[in-house]
Amino acid sequence: MKLSLIFPLSQEKDGATEKLRDIASFWARFPIEVEVLLVLDPSRGETLQDWQNLITAAGVQPRLQFRLEMNSKKLGRGASVQKGLDLATGEILAVNSFDLSIPLGDVFSALQEFIMHRDQDFVVIGNRRGPKKKRRGLSTSKRMLFENIEHDKAASLQVPDPTCPFLMLKKKTWLALQPLRLRRWFYSPGLVLAARHKQIEVRVVDVQCLDHPSTRLSLWDLFR
1 MKLSLIFPLS QEKDGATEKL RDIASFWARF PIEVEVLLVL DPSRGETLQD WQNLITAAGV
61 QPRLQFRLEM NSKKLGRGAS VQKGLDLATG EILAVNSFDL SIPLGDVFSA LQEFIMHRDQ
121 DFVVIGNRRG PKKKRRGLST SKRMLFENIE HDKAASLQVP DPTCPFLMLK KKTWLALQPL
181 RLRRWFYSPG LVLAARHKQI EVRVVDVQCL DHPSTRLSLW DLFR
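Reading the sequence shown from the start, the letters are residues 1 to 224 in the working numbering.
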């Protein structure tokens, strides 16, 4: 089994070396092939070479394959996720935010769903609103405001946390969902809606969330 971890990037260089080490050291413990796909949305003063230097500085183990991609222009987080899902070569694809506010341990727990149910076709989406794993840490009022708005708009999807940045699915499931365009900051509702239309099961897994106090969310991200 090969797992592709997809991280959309936008102004994420602060603390990146430590996060890259955390990602590499965690997944190196397991006997699975792992591809880490970093998709950069162009930002002022941020280049692919900068990120290649950060990967080199992190000294990650060569057993983990790190790949760098960049959007042709600034398109937003949803477009970065779409590009990553399109280009990923793993059997299982996982999307998460690079701040690792969703712990890697919870990503591994979600992977167990696919290991135990290899013959089934489904999408997993995280739930940060569950009673057992309460959301902790700080989140800006701007981010929470728009999360709540998007949560209310997506009520018909019948998932408890449609704005959660973590999701997981098989590559063949992603291909079955096409044609699909993920745009804007909150990309999960679009994917869940597509799965509903294709009658593909959506499963919810509770995840811990330690919110990062900063945000790169802007009005531009919400209306693109």
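Cβ coordinates follow ideal geometry from the N, Cα and C atoms, glycine included.
Requested in this report: In angstroms with no decimal places, state the Cα-to-Cα distance between residue 165 and residue 186.
Outcome: Approximately 7 Å, taken between the alpha carbons.
**Report entry** Delimiting residues of the alpha helix (DSSP H) encompassing residue 88
**Finding:** Looking at the DSSP string, residue 88 is not in any alpha helix (DSSP H), and its letter there is neither H nor E.
Report task. Out of 49, 128, 169, 77, state which residue places its alpha-carbon closest to the alpha-carbon of residue 88. Result -> 169
Requested in this report: Give the DSSP bridge partners of residue 170, in chain order.
Outcome: 92
Query raised in the report: Between the stretch 177–186 and the stretch 71–89, are three or more C-beta pairs nearer than 8 Å?
Result: yes
Query raised in the report: How close, in whole Å, do the beta carbons of residue 161 and residue 126 come, if the pair is a contact with beta carbons under 8 Å?
Result: 7 Å
Query raised in the report: By a C-beta neighbour count over all protein chains shown, 10 Å radius and 16 as the cutoff for buried, is residue 53 buried or exposed?
Result: With a 10 Å radius around the Cβ and a threshold of 16 neighbouring Cβ atoms, residue 53 comes out exposed.
Query raised in the report: By a C-beta neighbour count over all protein chains shown, 10 Å radius and 16 as the cutoff for buried, is residue 148 buried or exposed?
Result: With fewer than 16 Cβ atoms within 10 Å of its Cβ, residue 148 is classed as exposed.
Query raised in the report: So what's residue 126 in DSSP terms, helix, strand or just coil?
Result: strand
Requested in this report: Determine the DSSP secondary structure at residue 203, reduced to helix, strand or coil.
Outcome: strand
Requested in this report: Name the residue from 208, 69, 43, 120 whose alpha carbon lies nearest to the alpha carbon of residue 130.
Outcome: Minimum Cα distance to residue 130 is reached at 208.
**Report entry** DSSP state of residue 65 mapped onto helix, strand, coil
**Finding:** strand
Query raised in the report: According to DSSP, is residue 2 helix, strand or coil?
Result: strand
**Report entry** residue 9 in three-state terms, based on DSSP
**Finding:** strand
Query raised in the report: How is residue 159 classed by DSSP in three states: helix, strand or coil?
Result: coil
Report task. Within 10 angstroms of the Cβ of residue 155, are there 16 or more other Cβ atoms? Answer buried if so, exposed if not. Result -> exposed
Query raised in the report: How would you label residue 30, buried or exposed, when you count the other beta carbons within 10 angstroms and need 16 or more for buried?
Result: exposed
Requested in this report: Could you tell me whether any Cβ in chain B is nearer than 7 Å to the Cβ of residue 61?
Outcome: Note that chain B does not occur in the displayed structure, where there is just one protein chain.
**Report entry** Beta-carbon gap between residue 2 and residue 90 smaller than 7 Å
**Finding:** yes
Query raised in the report: Going by C-alpha distance, which of 81, 34, 204 is nearest residue 65?
Result: 34
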